[in-house]
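Undergrad: If you read the sequence shown in numbering that gives the first Met the number 0, its first letter stands for residue 0, the second for the next number, and so on.
The structure is given below, and queries will be raised subsequently.
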Amino acid sequence: MEKSNILIPTLVLILFTFGFLSSLITNINHSCINDIKTKNYFLSSSKFSPAPLSLILTNNLKVIFLMLAGSITFGLSTFINLIFNGFNFGMLISNAYNSGMPIKLILALTYLMEYLKFQQ
């Protein structure tokens with residue numbers, strides 16, 4: 000690969016890793032096990048409603064419009080979003096690890112991240 004083709008993926012990886020590691024460092028000793036036990040974060044079949052799905056849809060639409068608006072600022076919002084997503088992902092992983100969840104469940108949390116966000 001040419002040097003110019005490697006620069007952008009490397010920058011993206013560095014920004015995401017910066018956000019991820021900063022959240023792991025800030026959340027290393029924080030345990031949210033009491034928060035998880037006191038709140039019901041999981042769906043039961045009797046409580047299912049389409050309301051959380053509409054919240055996820057509106058959140059995704061907001062992200063799309065923010066990314067489109069980022070083209071006006073020449074991509075600055077994209078870099079900020081990369082750091083923010085890395086920070087959120089690191090918080091999710093560290094909270095799951097501190098609460099004693101098995102590794103297989105932690106790996107599945109990437110699919111549940113949006114749903115858990117709206118249940119707070």
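Built from N, CA and C at the ideal position, the CB exists for glycine as well.
(1) Would DSSP call MET100 helix, strand or coil?
(2) Can you tell me which of the three DSSP states PHE73 falls into?
(3) Between LYS61, PHE17, GLY74, which lies nearest to ASN87 when the distance is taken from Cα to Cα?
(4) Determine the DSSP secondary structure at ASN58, reduced to helix, strand or coil.
(5) Distance, Cα to Cα, LEU75 vs ILE13?
(6) Express the C-alpha separation of LEU23 and GLY99 in angstroms, rounding to a whole number.
TA: Put simply:
(1) Here the question's residue 100 lines up with position 101 in the sequence shown. Note: MET100 maps to coil in three-state DSSP.
(2) Residue 73 sits at position 74 when you count from the first residue of the sequence shown. DSSP places PHE73 in coil when its eight states are reduced to three.
(3) On the sequence shown, position 88 is the one that residue 87 refers to. If we check each option's Cα against that of ASN87, PHE17 comes out closest.
(4) By one-based count along the sequence shown, residue 58 stands at place 59. Correct three-state label for ASN58: helix.
(5) Mapped onto the sequence shown, residue 75 falls at position 76. Mapped onto the sequence shown, residue 13 falls at position 14. Approximately 15 Å, taken between the alpha carbons.
(6) Locating residue 99 in the sequence shown gives position 100, counting from the first residue. Locating residue 23 in the sequence shown gives position 24, counting from the first residue. The alpha-carbon atoms of GLY99 and LEU23 are separated by roughly 16 Å.
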